[in-house]
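Below you'll find the structure, written out as C-alpha cells, and then a few comments.
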Amino acid sequence: MKKIILMGRSECGKTSLTQAMRGETVTYKKTQYINHYDVIIDTPGEYAENHHLARALALYAYEADVVGFLLSATEPYSLYSPNCTSMANREVIGIVTQIDQPNANPERAERWLRLTGCKTVYHTSAKTGEGISDILEHLREEGDVLPWDKNQEEKIQKQQKTTEKQQKPTKTA
Ligand SMILES: Nc1nc2c(ncn2[C@@H]2O[C@H](COP(=O)(O)OP(=O)(O)OP(=O)(O)O)[C@@H](O)[C@H]2O)c(=O)[nH]1
Ligand SMILES: [Mg+2]
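If you read the sequence shown in this note's numbering, its first letter stands for residue 1006, the second for the next number, and so on.
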C-alpha cells in the first residue's frame, strides 16, 4: 500500500477517517492488513490553520507517497490557497469528509479542493463508511490484497460450484 498523510483543519475528520480506514481492514482481514497501521499518517489540524501549512506540507510530504487534503462537507469556508498542491512534490488527493451530516454540502467542498489543484477528489463518511474503500483502492499497489478481493473470490467460487452442480448430469435409473 502507498503511504498517505492526512492534512486538514481541526475537526475536519482526519482521526476519524484514519480509524475508519483501519477499522475496516482490521474487521475484515486482520493479519494481512496489519500494515495499514503504517500507511496512514494523521496530523494535527493546527498545521493547516496557520501560514506554516506550506512548509509543513512540503516537509511532511516526504514521509508519504500521497498527500490527502481533507475538507469537511459542513465547512462554510476553505483554508486552502488556490494551487497549493504545487507545494508538495507528491500526488495530492482531495478528500471531502462528513458527507453524512445533515447540513453537508459535498459539491461545494469538492469545488474548493479542486481549486487547490487536486485532480482526484473522494467523498467520504467515517460514520457510514462511504468512500473509504475508494481511498484504500487508490493506495493499492501491485500484490496488495484488499478485503473485498477475498469476498469477490468467495463469490466467484460459490458461483462456480453452483454452475458445476447445475451442469452435472442427473443419474437416471
Ligand atoms: N457524522 C460524522 N461525524 C464525523 C465524521 N468524521 C468526523 N466526525 C466528527 O467530527 C469531530 C472531529 O473529528 P476528528 O476526526 O477528531 O477531527 P480531526 O481532524 O482529527 O481533528 P484534530 O485532531 O483536532 O485536527 C468528531 O466529533 C467526530 O466524531 C463523519 O464522517 N461523520
Ligand atoms: Mg485528530
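Cβ atoms here follow ideal geometry from the backbone N, Cα and C, with glycine treated the same way.
If you're wondering where the values come from, they're calculated on a predicted model, not measured in any experiment.
Of the candidates 1150, 1079 and 1101, 1101 places its Cα closest to the Cα of residue 1128. Taken through DSSP and simplified to helix, strand or coil, residue 1018 comes out as coil. Judged by their CB atoms, residue 1097 and residue 1115 are not nearer to each other than the 8 Å cut-off.
Here the alpha carbon of residue 1106 sits roughly 15 Å from the alpha carbon of residue 1022. At least one heavy atom of ligand 1 is found less than 7 Å from the C-beta of residue 1016. Relative to the Cα of residue 1010, the nearest Cα in the group 1144, 1152, 1156 and 1166 belongs to 1144. Per the C-alpha coordinates, the member of 1014, 1164, 1168 and 1158 positioned closest to residue 1052 is 1014. Annotation for residue 1133: no beta strand (DSSP E) segment contains it, and DSSP assigns it neither H nor E. Taking the Cα positions, residue 1087 is about 22 Å away from residue 1049.
About 16 Å separates the beta carbon of residue 1069 from that of residue 1027, a gap too long to meet the 8 Å contact definition. Between residue 1078 and residue 1103 a beta carbon distance of about 5 Å is seen, short of the 8 Å cut, so the two are scored as contacting.
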